[in-house]
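J.: Count the sequence shown with our numbering and you get residues 34 to 534, in order.
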Amino acid sequence: VEKTADVIVIGGGGAGLAAAVSAHQNGAKVIVVEKMSRLGGNTMISGSAYNAADSSRQSALTMTALEKQTVENIIAGTYEDALVKTWQETLKKEWTEYLASGKTTLFDSPSLHKLQTYLGGDKKGTPELIDVFADNAYPAIEWLESLGMEFKDYVFTVLGGLWNRAHKPEKPLGTGFMETYENYLEKNKADIEVILDTTAKEFIVKDGAVVGVACEGKNGKVTLNATKGVVLATGGFGANVEMRNEYNTVLWPDLTNVKTTNHTGATGDGIVMAEAVDAKLMGMEYIQLLPMGDPVTGSLSGNIEQGVQNRIFVNKEGVRFVDEGARRDTMTKALMEQTDAYMWVIVDKNSYPTGDTKNNFNETIDDLVAAGRAFKADTLEDLAKQIGVDPVAFVKSVEDFNKAVDGAAKDEFGRTLFDKKIDTAPFYAGARVPTVHHTMGGVSINANAQVIDANGNVIKGLYAAGEVTGGLHGTNRLGGNALADINVFGRIAGKNAATMK
Ligand code: ADP
């Protein structure tokens, strides 16, 4: 089979479909090729938190003294990169204005988001990408809303997100995003074709430019030609143990037996394909783990946390061991040092006002308790007994935490994100272990989402977006930045593939 379109998109997760929509909005006829028998990728099974500074949704939140300190520390930092220094200057100016205004609502801005993303990745992220990313995160929400997507009218702080700017779709998991793109695809099916069960194998290159992709379908070879551009959006390699082991040389011990949150198709195909046309790879050694895997499957399902502020982690001894508002790598490293690398997430009625309240993975707390995946008790002592931790140590851990919430004592782990105390029955516990979640590394792109080769030149005709790319997140991705990444860069990649010469 041989087919031709203006733009070929490889991979039907969030980045690929955002690119397909955007390419079509910019006049292109599009083919999307997906190796699995359905669209969705990791996007479909993600918690779907989406970071963007948003003064309207954030106006319901008040700023704490500890949050003010965080902003001041970031402003006082030392930065070498010229672009990063401009963020620092902008933030300083915005902060001065904020203080002068006498406002009490939570402060946020793209420049704070940029600096937190940069610092959260140990200054290894590419400033040019972070710049475009944070400036376009909120506009991409408006773009999604223009396509019919609905977000809740509040924001929250997602695990490892560091700030209260995560937007939550009305629909569970990634379904809100996927239905939005798929509705657009369906309405425009005369111009956008989706080919499932077909795996991209290698790029077709002519005179140094990528002009198509050779694929393998159920019934043999499928050749897809692009008259304008090819968008690579095949996601990461979290489900490819061999590839993980090849690149995991810096951050973690052996990950062979660590489970993953990823779908089975996250095998890094696109990275290998891009390497074969001399694309530069970046940050491949930076693999993200979460401390939030289901002990049996490694998946995120069953996670009972609702947001960062109102839950703590305790180990098998019933004792806290980390700032639960910290970076994902920091929390996971701390978890790995605990007995059996095993912890309990503890919440109370504030997180689940009723038994049919759902977690971020569309599961009710009652169902999780009934299935033995969460535990429920009327007292902290009883909860400790049910989960087999020392009641005395456990109650003291919660009481000490509550003192820090009140501001009566400094948190022993330097935690800065608080809201309510854990003091209202029923109390809940859910077990969690480390799990491989995201691969920060991948194909190098510029701010136009064009793929860069080993010599720093653009590879003509080839664009990339989403988890297949490297550079944006540095050593550690902030929670909530992936959904923003795939939409911002998917949108740019699609537009540029359709319009750039
Ligand atoms: P992102 O968040 O970057 O969009 P996802 O994991 O959501 O990443 O989506 C990537 C999609 O690409 C998945 O649906 C995956 O099955 C698909 N994919 C991966 N490798 C190939 C390939 N070789 N050919 C076609 N599709 C692929």
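All residues carry an ideal CB built from backbone N, CA and C; glycine is no exception.
1) Can you have a look at Leu132 and say buried or exposed, based on whether 16 or more other CB atoms are within 10 angstroms of its CB?
2) What three-state label does DSSP hand Leu145 in the structure shown?
3) Select from Asp186, Leu177 and Asp287 the residue whose C-alpha is nearest the C-alpha of Met211.
4) Looking only at its own chain, which residues have a Cβ that is under 7 angstroms from the Cβ of Gly153, when we skip the five neighbours before and after it?
5) So is Ser81 buried or exposed if we call it buried at 16+ other beta carbons inside 10 Å?
6) Would you list, in sequence order, the uninterrupted beta strand (DSSP E) runs of no fewer than 3 residues that lie entirely inside the segment 438-484?
7) Just to check my reading of the structure: Asn281 and Leu288 have Cβ atoms closer than 8 angstroms, yes? What is that Cβ distance to the nearest angstrom?
8) Identify, in the order they occur along the chain, each residue of the same chain with its Cβ nearer than 8 angstroms to the Cβ of Ile237, setting aside the five sequence neighbours on each side.
9) With respect to 7 angstroms, is the separation between the Cβ of Met182 and the closest non-hydrogen atom of the ligand ADP below this value?
10) Throw me the rounded Cβ distance for the Leu72 and Gly110 pair, which I believe falls under 8 angstroms.
11) CB-CB under 7 angstroms to Leu333, same chain, minus the five flanking residues each way: which ones, in chain order?
12) Any heavy atom of the ligand ADP inside 7 angstroms of the beta-carbon of Ile225?
13) Using CA coordinates, which residue listed in Lys254, Thr213 and Ala526 is at the minimum distance from Asp230?
14) Taking 7 angstroms as the line, does the beta carbon of Asn587 fall inside it for any heavy atom of the ligand ADP?
15) Take the Cβ of Lys251 as the centre, count every other Cβ of all protein chains shown within 10 Å, and call the residue buried at 16 or more, exposed below.
16) Tyr385 lies in the alpha helix (DSSP H); which residues open and close that run?
17) Should Gly503 go down as buried or exposed, given a rule of 16 or more other Cβ atoms within 10 Å for buried?
18) Is Pro286 helix, strand or coil when you go by DSSP?
19) According to DSSP, simplified to helix, strand and coil, what is Gln102?
20) Rounded to whole angstroms, what's the CA-CA distance from Lys147 to Tyr496? Just pull it up for me.
21) With Val291 and Thr468 assumed to form a contact (beta carbons below 8 angstroms), what rounded beta-carbon distance in angstroms separates them?
22) Output the boundary residues of the alpha helix (DSSP H) element that contains Lys118.
23) For Thr76 and Leu139, which I take to be in contact (beta-carbon distance under 8 angstroms), what is that distance rounded to the nearest angstrom?
24) Measuring only from the beta carbon, is Asp456 closer than 7 angstroms to any heavy atom that is part of the ligand PLP?
25) Any Cβ of chain B within less than 8 angstroms of the Cβ of Phe460?
26) Just to check, is the beta-carbon of Glu396 closer than 7 angstroms to a non-hydrogen atom of the ligand ADP?
27) Consult DSSP for Gln321 and reduce its assignment to one of helix, strand or coil.
28) Would the C-beta of Val501 count as close to the ligand ADP, meaning under 7 angstroms from any of its heavy atoms?
29) Is Asn383 closer than 8 angstroms to Thr457 when the C-beta atoms are compared?
30) Could you give the C-beta distance for His57 and Gly271, rounded to a whole number, given that I count them as a contact under 8 angstroms?
31) What is the rounded straight-line gap between the Cα of Asn336 and the Cα of Asp327?
32) Answer yes or no: do Trp377 and Val355 have a C-beta to C-beta separation smaller than 8 angstroms?
33) Which ranges does the alpha helix (DSSP H) cover as unbroken runs of at least 4 residues, wholly within the segment 177-230, from first to last along the chain?
34) Specify whether the segment 182-189 and the segment 81-91 touch according to this definition: at least 3 beta carbon pairs, one from each stretch, less than 8 angstroms apart.
35) Between which two residues does the alpha helix (DSSP H) carrying Val274 extend?
36) Using a 10 Å radius around the Cβ and a threshold of 16 neighbouring Cβ atoms, would you call Lys2 buried or exposed?
T.: Taking the geometry as given:
1) exposed
2) helix
3) Leu177
4) Leu195, Arg360, Asn509 and Leu511
5) buried
6) 460-472 and 475-477
7) 5 angstroms
8) Val243, Val244, Gly245, Val246, Ala247, Thr256 and Asn258
9) no
10) Contact flag wrong, Cβ pair sits at about 41 angstroms.
11) Gly80, Thr294, Met325 and Phe394
12) no
13) Lys254
14) An answer regarding residue 587 cannot be provided, because it is not within the stretch 34 to 534 covered by the chain.
15) exposed
16) Here Tyr385 belongs to no alpha helix (DSSP H), and DSSP marks it neither H nor E.
17) buried
18) coil
19) helix
20) 23 angstroms
21) 7 angstroms
22) Ala115 to Ser134
23) Their Cβ separation, rounded to whole angstroms, is 28 angstroms, which puts Thr76 and Leu139 out of contact at 8 angstroms.
24) Here the bound small molecules are the ligand ADP; the ligand PLP is not part of this structure.
25) Here there is only one protein chain, and chain B is not present.
26) no
27) strand
28) yes
29) yes
30) Between Gly271 and His57 the Cβ distance is about 29 angstroms, and since that is not below 8 angstroms, they are no contact.
31) 7 angstroms
32) no
33) 208-220
34) yes
35) Val274 to Tyr280
36) This structure cannot settle anything about residue 2, because the visible part of the chain is limited to 34 through 534.
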